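To keep things clear, I will list the structure first and then write my remarks on it.
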Amino acid sequence: MIKAVRGTRDLLPPETALWNFVESAVRDVFRAYNFQEIRTPVFEDTALFSRSVGEETDIVSKEMYTWDDRGQVPKILADAVTPEDSARYSYQSLTLRPENTAGVVRAYIEHDLWQKGLSKLYYIGPQFRRERPQKGRYRQFYQIGAEVIGPASAGSESPARDAEVLEMLATLLDRLGITDWNLELNSVGCPNDRTAFNEALRKALEPVKDKMCADCQRRTVTNPLRVFDCKVPEDQPIIEKLPRISQFLDEPCRAHFEAVQAILKSVGVQFVLNDRLVRGLDYYTRTAFEFTHGALGAQNAILGGGRYDGLSESLGGPAAPGIGFAIGEDRLVMSLKESAEGVLRKPDVYIAPLGPGMNAEAARLARELRRHDLVVELGDESFRLKKSFEAATKAGAKYILIVGENEVKADAFALKDLAKGEQVSVPRAELAQRIQGAR
Ligand code: HAM
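Residue numbers are given in numbering that gives the first Met the number 0: position 135 of the sequence shown equals residue 134, and the series is strictly consecutive.
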């Protein structure tokens with residue numbers, strides 16, 4: 000038997016009701032903050048990710064699903080391939096998106112969105128990383144993310160954007176009933192700070208690097224900041240003693256970070272400072288953050304994000320400071336307290352056609368009731384009444400509606416409340432209202 004690939008999974012009902020509940024709640028919140036949806040392709044040119052997320056990150060160096068995509072050179076041409084042919088059939092390296100910020104910024108540049116001022120975009124969709132699967136970590140997972148990006152003249156660089164995004168996240172989690180989250184905040188500075196910091200890191204790592212894992216030894220040379228991503232337990236005491244980016248922030252970065260914190264305090268969003276938080280992607284500048292949730296276990300980051308003021312330029316676009324985040328939807332759903340049963344809309348009514356010829360009548364009624372936004376489950380005329388009752392109860396319907404020859408003649412139908420056991424005859428014209436009234 001062929002099974003779902005390791006690290007991927009089927010989302011089945013009733014759990015899918017929770018996913019729908021989450022997605023509809025976040026869409027409402029995004030609307031209130033004036034964000035609009037963007038959908039980008041699930042695969043992109045590999046260079047997009049290596050240039051933005053960074054060659055030395057775990058994502059790009061180990062976790063991407065990358066393949067060479069090309070048209071096959073037809074056999075007949077194989078011996079006489081002209082330069083045009085080879086360009087036409089040349090390889091293009093493609094990658095399943097491991098995250099969506101790079102794709103959004105690519106689209107932002109490609110469609111000249113910068114001409115419209117500030118863009119506030121959100122997305123919901125699958126991402127792909129070849130990580131070791133465990134609870135809360137999948138190879139195909141889902142993110143709900145948002146990006147605020149635009150020319151500095153539109154206010155994109157302002158600490159007010161950072162604070163608004165963070166306050167929106169706190170609102171969103173509260174709205175979903177997730178209360179015991181923790182916001183961890185840091186500033187990773189700007190490229191100037193980073194140069195000085197990297198130098199200091201290299202110096203501090205030089206005498207100890209031989210005791211560290213192979214990845215860290217390589218990172219010391221190529222991108223010392225990434226040492227902070229190391230999860231090897233033996234390396235942690237060494238990493239604990241390394242200098243921190245907070246000691247290297249220049250004055251504008253320090254002021255920006257303080258302004259973000261001041262607004263958060265004024266709106267009452269709690270946070271803790273964590274100067275080890277550097278996030279696993281290279282594009283970040285200044286504000287970096289994660290929301291964690293205790294109930295999630297080892298993979299406790301429910302979402303992460305930050306500023307990326309130079310990303311657009313590094314992809315060949317105009318200067319366009321930005322900030323955004325992505326929520327791990329799989330983890331968000333896991334941490335929801337409500338059960339799927341609580342958010343699942345059960346059928347309002349189960350229609351039981353009774354006897355030959357009644358399917359057509361029942362279909363007509365179902366059509367009418369569904370147009371009144373009622374959830375209707377439909378039985379079959381071949382079912383005996385007992386079987387219809389059993390099916391209605393199994394489906395969790397509130398009412399069962401009997402459609403037999405007598406009812407059709409009278410144009411009034413037996414409607415039974417399955418929990419209370421009360422049965423009444425209701426004229427067709429009053430059915431929808433009667434059932435709705437019970438909701
Ligand atoms: P990230 O921290 O790599 O950031 O991912 C964001 C969230 O996606 C994580 O906090 C986690 O909840 C979820 N996640 C990541 N990998 C997995 C996985 N293998 N299985 C399940 N969930 C996972 C980004 O992706 C950035 N693009 C966020 C961002 C947007 N920064 C600025 N704008």
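Positions of the beta carbon are idealized from the N, C-alpha and C atoms, including for glycine.
Bear in mind the structure is a predicted one, so any value in this text is a computation, not a measurement.
At least 3 beta-carbon pairs within less than 8 Å: the segment 92-107 vs the segment 9-19: no
Element boundaries [alpha helix (DSSP H), containing residue 255]: Against the sequence shown, residue 255 aligns to sequence position 256. Element bounds for residue 255: 250-266.
Cα-Cα separation, residue 413 to residue 163: As a working mapping, residue 413 is identified with position 414 in the sequence shown. As a working mapping, residue 163 is identified with position 164 in the sequence shown. Looking at the two C-alpha atoms, the distance is approximately 54 Å.
Cβ contact (3+ pairs, closer than 8 Å) linking the segment 335-352 and the segment 373-391: yes
Residues near residue 169 in its chain [Cβ-Cβ closer than 6 Å; skip 5 each side]: By 1-based counting over the sequence shown, the position of residue 169 is 170. Cβ neighbours of residue 169 beyond the five flanking positions: 268.
CB contact below 9 Å: residue 288 versus chain D: Of the protein chains in the structure, only one exists, and it is not chain D.
Same chain, Cβ closer than 7 Å to residue 64, neighbours up to 5 away in sequence not counted: As a position in the sequence shown, residue 64 is number 65, starting the count at 1. Result list for residue 64: 94, 95, 127, 129, in chain order.
Neighbourhood of residue 298 by C-beta distance below 6 Å, restricted to the same chain and skipping five residues each side: As a working note, residue 298 is residue 299 in the sequence shown. Contacts found: 135, 136.
Under the three-state DSSP convention, the category residue 29 falls into: Locating residue 29 in the sequence shown gives position 30, counting from the first residue. Helix.
Residue 368 versus residue 377 - alpha carbon distance: Against the sequence shown, residue 368 aligns to sequence position 369. Against the sequence shown, residue 377 aligns to sequence position 378. Straight-line Cα distance between these residues: approximately 11 Å.
Spatial neighbours of residue 302 in its chain, beta-carbon cut-off 6 Å, leaving aside the 5 residues before and after: The residue labelled residue 302 in the question sits at position 303 within the sequence shown. So the list reads 290, 324, 326, once near-sequence residues are dropped.
Pairwise C-alpha distance: residue 212 and residue 160: Start at 1 with the first residue of the sequence shown, and residue 160 comes out as number 161. Start at 1 with the first residue of the sequence shown, and residue 212 comes out as number 213. Taking the straight line joining both Cα atoms gives about 39 Å.
Contact check, residue 117 vs residue 155, beta carbons under 9 Å: As a position in the sequence shown, residue 117 is number 118, starting the count at 1. As a position in the sequence shown, residue 155 is number 156, starting the count at 1. Yes, the Cβ-Cβ distance between residue 117 and residue 155 is below 9 Å.
Where residue 341 falls: helix, strand or coil (DSSP): By one-based count along the sequence shown, residue 341 stands at place 342. DSSP places residue 341 in helix when its eight states are reduced to three.
Beta-carbon proximity of residue 187 to residue 144, cut-off 9 Å: Looking up residue 187 in the sequence shown gives position 188. Looking up residue 144 in the sequence shown gives position 145. No, the pair does not count as a contact, with Cβ atoms beyond the cut-off.
For residue 131, the nearest candidate out of 419, 217, 61, 363 (CA to CA): In the sequence shown, the residue the question calls residue 131 occupies position 132. The residue with the shortest Cα to Cα distance from residue 131 is 61.
Through-space distance from residue 138 to residue 402, alpha-carbon basis: As a first step, residue 402 is located in the sequence shown; it is residue number 403 there, counting from the start. As a first step, residue 138 is located in the sequence shown; it is residue number 139 there, counting from the start. Cα-Cα distance, rounded: 49 Å.
Where residue 272 falls, given that 16 or more other Cβ within 10 Å makes a residue buried: Translated into positions along the sequence shown, residue 272 becomes position 273. Classification of residue 272: exposed, given that the 10 Å Cβ count is below 16.
Beta-carbon spacing of residue 37, residue 120 below 9 Å: Along the sequence shown, read from residue 1 onward, the residue named residue 37 stands at position 38. Along the sequence shown, read from residue 1 onward, the residue named residue 120 stands at position 121. Contact: yes.
Ranges of the beta strand (DSSP E) found wholly within the segment 122-210, counting only runs of at least 3: 139-148, 180-186
Reference residue 285, options 360, 255, 293, closest by Cα: On the sequence shown, residue 285 is found 286 positions in, with the first residue counted as 1. Out of 360, 255, 293, 255 has the C-alpha closest to the C-alpha of residue 285.
Reduced DSSP secondary structure (H/G/I, E/B, other) of residue 232: Residue mapping note: residue 232 aligns to position 233 of the sequence shown, counting from 1. Residue 232 falls in the helix class under three-state DSSP.
Test item: CB-CB of residue 282 and residue 245 under 9 Å: Counted from its first residue, the sequence shown places residue 282 at position 283. Counted from its first residue, the sequence shown places residue 245 at position 246. The answer is no: Cβ separation not under 9 Å.
Exposure label - residue 220; buried when at least 16 CB within 10 Å: The sequence position of residue 220 within the sequence shown is 221, counting from 1. With fewer than 16 other Cβ atoms within 10 Å, it is exposed.
Per-residue burial, residue 0 [other beta carbons within 10 Å of its own, 16 or more giving buried]: Here residue 0 refers to the residue found at position 1 when the sequence shown is read from its first residue. When all chains shown are included, residue 0 counts as exposed.
Strand pairing of residue 292, partner residues [DSSP]: Indexing the sequence shown from 1 puts residue 292 at position 293. Answer is 180, bridged to residue 292.
Sub-9 Å separation of residue 307 and residue 321 beta-carbons: As a first step, residue 307 is located in the sequence shown; it is residue number 308 there, counting from the start. As a first step, residue 321 is located in the sequence shown; it is residue number 322 there, counting from the start. Yes, the Cβ-Cβ distance between residue 307 and residue 321 is below 9 Å.
Separation of residue 56 from residue 48, as counted between CA atoms: To locate residue 48, count along the sequence shown from 1; it is residue 49. To locate residue 56, count along the sequence shown from 1; it is residue 57. So the alpha carbons of these two residues sit roughly 10 Å apart.
Residue burial classification, residue 185 (beta-carbon count within 10 angstroms, cutoff 16): Within the sequence shown, residue 185 is the residue found at index 186, counting from 1. That one is buried.
Length of the line joining the Cα atoms of residue 365 and residue 379: The count along the sequence shown starts at 1 and reaches residue 365 at position 366. The count along the sequence shown starts at 1 and reaches residue 379 at position 380. Approximately 12 Å, taken between the alpha carbons.
Nearest-angstrom Cβ-Cβ length linking residue 238 and residue 252, presumed shorter than 8 Å: Residue 238 sits at position 239 when you count from the first residue of the sequence shown. Residue 252 sits at position 253 when you count from the first residue of the sequence shown. Contact flag wrong, Cβ pair sits at about 23 Å.
Boundaries of the beta strand (DSSP E) in which residue 314 is found, first to last residue: Translated into the one-based positions of the sequence shown, residue 314 becomes position 315. Unbroken run through residue 314: none, as it is neither H nor E.
Whole-Å CB distance - residue 439 paired with residue 436, under 8 Å assumed: This structure cannot speak to residue 439, because the chain is shown only from 0 to 438.
Buried/exposed call for residue 415, threshold 16 Cβ in 10 Å: As a first step, residue 415 is located in the sequence shown; it is residue number 416 there, counting from the start. The residue is buried, with at least 16 neighbouring Cβ atoms inside 10 Å.
Closest Cα partner of residue 231 within the set 210, 243, 288: As a position in the sequence shown, residue 231 is number 232, starting the count at 1. Per the Cα distances, 210.
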